[in-house]
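Engineer: Structure provided below as structure tokens; questions to follow.
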Amino acid sequence: NRQWVLRQRPKGVVQDGDLELVESPIPDLKESEVLVRTVYLSLDPTNRTWMNDAEGYLPPVGLGDVMRGLTLGVVEDSRSERFKVGDVVMPISGGWADYAVVPEAGLRPVHRAPGLPLTANMSVLGMTGLTAYFGVTDVLKAQAGETLVISAAAGAVGSIAGQVAKQRGCRVIGIAGGPEKCAWLTDELGFDAAIDYKNEDVGDALDRLAPDGIDLNFENVGGDIMIAVFNRLKVHGRMAVCGLVSSYNATRMPPAPNFGRIITHRLNVQGFLVLDYAPRAKEMVAEMGPWLADGKIKWKVHVDDGLEGAVSSLNRLFTGDHDGKLLVRVSEE
Ligand code: NDP
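For the sequence shown, position 317 matches number 317 in this note's numbering, and the numbering has no gaps at all.
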């Protein structure tokens with residue numbers, strides 16, 4: 001069983017030697033335990049934050065421990081009454097490994113969506129979809145006619161969030177890196193406008209595209225991009241702080257917005273975690289399912305083959321060198 005183990009806390013971008021791929025024997029199953037063969041490993045920007053020795057929403061991954069990661073797999077062996085060989089499952093706490101021995105209480109069954117590939121459960125109908133859907137509908141409470149700006153808009157969460165907001169009747173402006181990603185947002189996903197932050201000044205573009213200001217910000221990036229949006233939020237504007245991906249590899253804190261605007265403009269700035277919305281997944285599926293079936297929501301996954309490449313795959317999230325929700329195929333379905 002190959003497992004990626006955290007050897008040292010990365011400084012900046014994850015480097016060779018920060019994690020090590022080791023071989024370990026698979027222990028015998030105890031009563032009610034299940035052996036899960038990993039099929040897909042989800043790579044998420046937050047994985048990088050778990051490697052730091054810092055206070056977070058989950059404890060840091062310990063040195064010498066298997067790297068934590070969301071996985072989807074197939075039951076290969078079972079001493080559980082609830083799960084049988086062949087079942088498709090998601091461990092609540094998965095890891096970067098070929099196999100995992102999991103107590104039955106730590107497993108969730110996976111219900112395949114009719115007509116959709118299994119990767120949907122790891123993206124648009126999984127954590128990505130939950131984050132996007134509830135970020136727009138519950139955190140921002142987006143209303144028809146409001147102007148919403150989303151950063152990392154061509155990414156997994158951002159691309160779905162923008163489409164949910166379009167379904168809600170918002171005017172949606174996406175910020176993404178490069179002309180291809182921006183063209184995808186406007187030409188295929190129906191965003192009203194896209195700003196290529198690698199080739200144009202975000203503030204100038206926002207002034208042009210939203211001269212009366214911005215009602216809503218779905219923030220995925222942080223740093224200068226976030227400040228440019230924040231400084232243009234209208235009175236009573238609302239901001240959902242979903243992620244700050246530009247700072248996850250940073251060794252120094254990035255600049256912060258001037259919080260005085262929260263007072264002067266009576267802004268509502270709210271952070272949120274998808275974990276809090278997991279119990280409401282059915283609500284998302286009920287509304288998103290028909291949109292997916294009707295082709296009203298489009299989604300992409302970027303699948304890299306091979307657990308051995310997981311570290312370089314992870315680093316794609318910080319260069320933008322991926323097209324859609326980033327997954328590693330660890331074994332065949
Ligand atoms: P994405 O698929 O969006 O991948 C990350 C993207 O971020 C890259 O493709 C890149 O896009 C962009 N990016 C990376 N570094 C920078 C930078 N320095 N400046 C500008 N853009 C950058 O990942 P996810 O959809 O999984 O996650 C998006 C955000 O949502 C992250 O911040 C993540 O932490 C957060 N998140 C939060 C959750 C929550 O519960 N609060 C749950 C899930 C995700 P480009 O090519 O356009 O530069």
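For each residue, glycine too, the CB sits at the ideal point set by N, CA and C.
Can you tell me where the beta strand (DSSP E) holding residue 305 begins and where it ends?
Structural biologist: 301 to 305
Engineer: Mind checking whether the beta-carbon of residue 17 lies closer than 7 angstroms to any heavy atom of the ligand NDP?
Structural biologist: no
Engineer: As an exercise, report each continuous alpha helix (DSSP H) stretch of at least 4 residues that is fully enclosed by the region 13 to 70, in chain order.
Structural biologist: 46 to 50
Engineer: Would DSSP call residue 97 helix, strand or coil?
Structural biologist: Three-state result, residue 97: strand.
Engineer: Please classify residue 253 as buried or exposed, where buried requires at least 16 other C-beta atoms within 10 Å of its C-beta.
Structural biologist: exposed
Engineer: State the DSSP-derived secondary structure class of residue 249, mapped to helix, strand or coil.
Structural biologist: coil
Engineer: Nearest by alpha-carbon distance to residue 203: which of 151, 236 and 242 is it?
Structural biologist: 151
Engineer: Verify the contact flag: residue 246, CB atom, against every heavy atom of the ligand NDP, threshold strictly below 7 angstroms.
Structural biologist: yes
Engineer: Applying the criterion that 16 or more other CB atoms from any shown protein chain within 10 Å of the CB defines a buried residue, is residue 49 buried or exposed?
Structural biologist: buried
Engineer: Tell me whether residue 45 counts as near the ligand NDP, meaning its Cβ is closer than 7 angstroms to at least one heavy atom of that ligand.
Structural biologist: yes
Engineer: Counting C-beta neighbours from all protein chains within 10 Å, is the total for residue 201 16 or more, i.e. buried, or is it exposed?
Structural biologist: exposed
Engineer: If you count every other CB in all the chains shown that lies within 10 Å of the CB of residue 80, and 16 or more means buried, which is it?
Structural biologist: buried
Engineer: Per DSSP, residue 72 forms a beta bridge with which residues?
Structural biologist: 40
Engineer: Classify residue 150 as helix, strand or coil using the three-state DSSP reduction.
Structural biologist: In this structure, residue 150 counts as strand in the three-state DSSP scheme.
Engineer: For residue 325, list the residues DSSP reports as bridge partners.
Structural biologist: 301
Engineer: Are the Cβ atoms of residue 61 and residue 74 separated by less than 8 angstroms?
Structural biologist: Not a contact, by the Cβ cut-off of 8 angstroms.
Engineer: Among the candidates 261, 286, 298 and 247, whose CA atom is the shortest distance from the CA of residue 46?
Structural biologist: For the residues 261, 286, 298 and 247, the minimum Cα distance to residue 46 belongs to 247.
Engineer: Bridge partners for residue 218 per DSSP, in chain order?
Structural biologist: 150 and 240
Engineer: Return no unless some Cβ of chain C is closer than 8 angstroms to the Cβ of residue 330.
Structural biologist: The displayed structure is made up of one protein chain only, and chain C is not part of it.
Engineer: Ignore the nearest five residues each way along the sequence and tell me which others in residue 136's own chain have a CB closer than 6 angstroms to its CB.
Structural biologist: 142, 161, 164 and 165
Engineer: Alpha carbons only, please: which of 323, 1, 85 and 327 is nearest the one belonging to residue 176?
Structural biologist: Of the candidates 323, 1, 85 and 327, the one whose C-alpha sits nearest the C-alpha of residue 176 is 323.
Engineer: Apply the 10 Å Cβ neighbour rule to residue 258 and answer buried if 16 or more other Cβ atoms are within range, or exposed otherwise.
Structural biologist: exposed
Engineer: Here's a check: name, in chain order, each residue in its chain whose Cβ is nearer than 7 angstroms to the Cβ of residue 281, leaving out the five neighbours to either side.
Structural biologist: 130
Engineer: Based on the DSSP secondary-structure assignment, which residues constitute the bridge partners of residue 8?
Structural biologist: In DSSP, residue 8 forms no bridge with anything.
Engineer: What first and last residue would you give for the alpha helix (DSSP H) that runs through residue 179?
Structural biologist: Counting along the chain, the alpha helix (DSSP H) containing residue 179 begins and ends at 179 to 183.
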